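Notes to accompany the following structure.
2 protein chains.
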Amino acid sequence: MKSRQIPYKIYLSEEEMPRYWYNVKAHMKIQHEPFLNPETGKPCTKADLQPVFCDECIDQELNTTDERIEIPEGIRSFYRTFRPSPVVRAYFLEEQLGTCAEIYYKFEGSNTSGSHKLNSAAAQAYYAKKQGLKSLTTETGAGQWGTALAMASAFYGLNLDVYMVKVSSEQKPYRKEVIRTYGANVIPSPSDTTAAGRKILEEFPGTGGSLGCAISEAVEKATTTPSCRYVLGSVLDHVLLHQTVIGLESKTALDKYGITPDVIIGCCGGGSNFGGLIAPYMGDRLQGKNDIEFIGVEPASCPSLTRGKYAYDFCDSAKTTPLAKMYTLGCGFMPSANHAGGLRYHGMSPIISRLYHDGYIKALSVEQSKVFDAAVSFAKCEGILPAPESAHAIRVAIDEALKCKQTGEKKKILFGLTGTGYFDLAAYKKYNDGEMSDYIPTDKDLAKGFATIPEIKA
Amino acid sequence: MKSRQIPYKIYLSEEEMPRYWYNVKAHMKIQHEPFLNPETGKPCTKADLQPVFCDECIDQELNTTDERIEIPEGIRSFYRTFRPSPVVRAYFLEEQLGTCAEIYYKFEGSNTSGSHKLNSAAAQAYYAKKQGLKSLTTETGAGQWGTALAMASAFYGLNLDVYMVKVSSEQKPYRKEVIRTYGANVIPSPSDTTAAGRKILEEFPGTGGSLGCAISEAVEKATTTPSCRYVLGSVLDHVLLHQTVIGLESKTALDKYGITPDVIIGCCGGGSNFGGLIAPYMGDRLQGKNDIEFIGVEPASCPSLTRGKYAYDFCDSAKTTPLAKMYTLGCGFMPSANHAGGLRYHGMSPIISRLYHDGYIKALSVEQSKVFDAAVSFAKCEGILPAPESAHAIRVAIDEALKCKQTGEKKKILFGLTGTGYFDLAAYKKYNDGEMSDYIPTDKDLAKGFATIPEIKA
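Chains A and B, in that order, give the protein sequences.
Take the first sequence: its letter number 345 is residue 345 in the working numbering, and every next letter is one higher.
Take the second sequence: its letter number 371 is residue 1371 in the working numbering, and every next letter is one higher.
Here's what the structure looks like:
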């Protein structure tokens, strides 16, 4: 065992918890292109977005100037029920690998939703309540986001309708039950509660639904219900902003011990957790204050950064949202059915896309069997059963640490452990039974997705 | 919101973590009666127990003199991966209840096993490794204990066979998968791997198994396999000893703020978590240093303290273990099928039984629908989805706080939140669907159980 000057876990006191989110856009010399209204082709205004999102979230979405955006006491108060989260020194993983690298991870899974999603759910529910709204809607696939928003809605006293992809609500009945326990209404989608749902049901009787359809239903329900708004769990700038508590806490904790990471690694689905983890470090980097390597990790089966196009595209597969300029596989792209866990989004946060495009971020894609190898060896020595999503970052952190073992470099590696795998055990079963396979889309597969990217006249 | 001088969560630093377990027996004027060998009727010696348990655990089991028993660095090292656990001030619950009482809880659910069970699993696996053993066996019903021991066995590099009640392994396939992911072998019981299992299978083909049968198989496997021992997750003195980290951490945390609880509440199944929570406070009480009220809470459907007999009985329903003097419903007692979650043990820790018999502990029984009411209102304001077991303590803590609201007493209430409800969602579903019923055994039901208590000549 190495010496223990740095504790196994670094916790912050309540006084040390962030009072501001970190708006990395304040330091970006080139901002990402604005959202476009798909009907007019013109940039979305606040008024365009108001029927869908809370006012405060829209202001945050459009803010490119203020580095610090205050976290209201009403949100910090709820944050105290599940934050601060620890930065853990992975002593046992280091020992198992025999590496000279130092590995740290920020663990966001110690709450009932099981992931970092609660950071933004808390903020968005708070702002809805403050605006005098009565209810929220959202969609959920695997259910982590739906759970997080149900917890936040219960805390702030808001009604919530969660449109859950029908096949998920049937395959993950217990996830559905957590959401119901927090008082939210779970509606298997497609449903007969919206015109969009009824249309799909008429065209495809007996369909198991899709995330695209669930989004359409949730948005329709929000825009047709008084005092109701829609809430999204990733991709958008304000969601990434709320997730910067991850990076801010990490930085405060590591700064106490004089540690600046050489590499920061996060898994990338919509990009909000990775963006939140790196934000304050990236802000420093953009100001020439560090030279950290930032690595976003995505599944080989859904490789939006590494193999996607940088283009305007819809945020949903039902083509109902504004257009965002981002790395995308095409809003019609569907990851293979053998793909486990989340990270199955066709696009990527516009902020992450811009930073990647400008060379500040490196992206890697990994195959899922290697991801699960990493997950299981991590679980056995560090105790925590990771979410498959998080295990993408573990995979690359282990690979980096093994490189250090070869070269003798004593790199300091920080990665984001976004959640636990308690609700992904069907995937672990596949792995344990030796039945997990990998899938890498062919260029032809990708071409089909690219064909669904809309033509936009600049 | 009340003022926040006491933080929402009190964490200890690694230096403040306990270096010793607390052996409450050192302060008990009357010790519990010794285990008896059922064949001879004489007290069990170390030699009687050695084929089944690790040597070090037996020494701890029989130690009635040393208040402090050192936690070896090899265990403290593993403890650091999931400890210290926080003492939480339940500000939001207090606010919701409008009580003038202060409510605190010690949360043991922030690890992959989801409960306090890992505290003893870690210790027992470490001692097995230290003794040069190669493998362990145990039984598991709902699976929390099996998961905890699988995690500890993976950490220390031991093989593990978990005999899982067949019907549970079928109804909780995901629990089984967590255990497998940590590398343990899950054997649905009854199985053909032991003589005990084969006998049951022959007599009752197609049976779903029972905990009693699983214990018999696990003990047989341990005693017939070289370098193998059996491990138990509750009831025994050494298990309770390992659980005293809960009470020691709680006391260190609360002492920092000058807080001594007026009431300490814990749920009681086998009694090890409750015993571990109260141990250091009880030690002080036995020395006349405090006047704390200790309340053990059990299900109305399995009321060993409140309606059981104080008698020598077998620890398992298969009648293979030594006899323990304890409060018992009879080793043949089976709680009603509608009973959710754990706390379904027929007996009670001999230490807890003795302290209860001598008037140091109060016991209450509660009905499960009221337990789930408490669980859900706790989840909505404090965020954590509690295990049904833990919610027994929540129920009584809420009732105590509501009494304070009536009387104006500003009692300080501490309760043990032993785990999360992630793997108990079938029970939550029943509750959410309004299909949960209560069951209180009649005196006639109890008489049937009492009839299975063996006759012992004193």
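For each residue, glycine too, the CB sits at the ideal point set by N, CA and C.
Bear in mind the structure is a predicted one, so any value in this text is a computation, not a measurement.
By the criterion of Cβ-Cβ separation under 7 Å, what are the contact partners of residue i in chain B?
| i | result |
| --- | --- |
| residue 425/A | 1174, 1177 and 1178 |
| residue 429/A | 1177 |
| residue 154/A | 1380 |
Look up residue i in the DSSP assignment and give the residues it is bridged to.
| i | result |
| --- | --- |
| residue 445/A | Answer by DSSP bridge pairing: none, since residue 445/A is not bridged. |
| residue 175/A | Bridge partners of residue 175/A: none, in fact. |
| residue 293/A | 263/A |
| residue 1186/B | 1162/B |
| residue 334/A | None; residue 334/A has no bridge partner. |
| residue 1314/B | 1323/B |
| residue 1087/B | 1010/B and 1106/B |
| residue 1365/B | 1298/B |
| residue 140/A | 164/A |
| residue 135/A | 159/A and 228/A |
| residue 36/A | 43/A and 323/A |
| residue 1416/B | 1106/B |
| residue 115/A | 419/A |
| residue 1454/B | According to DSSP, residue 1454/B bridges with nothing at all. |
Which residue marks the beginning of the beta strand (DSSP E) containing residue i, and which one marks its end?
| i | result |
| --- | --- |
| residue 1159/B | 1159 to 1165 |
| residue 1278/B | Segment 1272 to 1286 is the alpha helix (DSSP H) holding residue 1278/B; no beta strand (DSSP E) there. |
| residue 1024/B | No beta strand (DSSP E) holds residue 1024/B; DSSP gives it neither H nor E. |
| residue 304/A | Segment 304 to 307 is the alpha helix (DSSP H) holding residue 304/A; no beta strand (DSSP E) there. |
| residue 1103/B | 1102 to 1107 |
| residue 1068/B | 1068 to 1070 |
Within the continuous alpha helix (DSSP H) that includes residue i, where are the two ends?
| i | result |
| --- | --- |
| residue 1217/B | 1211 to 1224 |
| residue 229/A | Segment 228 to 230 is the beta strand (DSSP E) holding residue 229/A; no alpha helix (DSSP H) there. |
| residue 1239/B | 1237 to 1242 |
| residue 1078/B | 1073 to 1079 |
| residue 1257/B | Careful: residue 1257/B lies outside any alpha helix (DSSP H) and carries neither H nor E. |
| residue 1198/B | 1195 to 1203 |
| residue 1404/B | 1388 to 1407 |
| residue 1354/B | 1350 to 1357 |
| residue 428/A | 425 to 432 |
| residue 1062/B | 1055 to 1062 |
Using 8 Å as the threshold, is the C-beta distance between residue i and residue j below it?
| i | j | result |
| --- | --- | --- |
| residue 1121/B | residue 1149/B | yes |
| residue 214/A | residue 172/A | no |
| residue 322/A | residue 7/A | no |
| residue 1217/B | residue 1190/B | yes |
| residue 349/A | residue 235/A | yes |
| residue 125/A | residue 156/A | yes |
| residue 1317/B | residue 1331/B | yes |
| residue 1346/B | residue 1329/B | yes |
| residue 113/A | residue 137/A | no |
| residue 300/A | residue 313/A | no |
| residue 116/A | residue 421/A | no |
| residue 1034/B | residue 1249/B | no |
| residue 1280/B | residue 1302/B | no |
| residue 338/A | residue 439/A | yes |
| residue 181/A | residue 1432/B | yes |
| residue 344/A | residue 370/A | no |
| residue 1100/B | residue 1405/B | yes |
| residue 340/A | residue 368/A | yes |
| residue 1415/B | residue 1393/B | yes |
| residue 228/A | residue 133/A | yes |
Quick one: which chain B residues come within Cβ less than 9 Å of residue i?
| i | result |
| --- | --- |
| residue 112/A | 1379, 1383, 1384, 1385, 1420, 1421 and 1422 |
For residue i, which residues in chain A fall below 7 Å Cβ to Cβ?
| i | result |
| --- | --- |
| residue 1011/B | 11 |
| residue 1151/B | 383 |
What residues of chain A sit near residue i, judged by a beta carbon separation below 8 Å?
| i | result |
| --- | --- |
| residue 1432/B | 177, 180 and 181 |
For residue i, return the contacting residues in chain B, with the cut-off set at a CB-CB distance below 8 Å.
| i | result |
| --- | --- |
| residue 8/A | 1014, 1080 and 1081 |
Residues of the segment 352 to 386 of chain A with a CB closer than 9 Å to any CB of chain B: list them in chain order, please.
Residues passing the 9 Å Cβ filter: 375, 376, 379, 380, 381, 382, 383, 384 and 385.
Give, in chain order, every residue of the segment 1092 to 1103 of chain B whose Cβ lies closer than 8 Å to some Cβ of chain A.
1092
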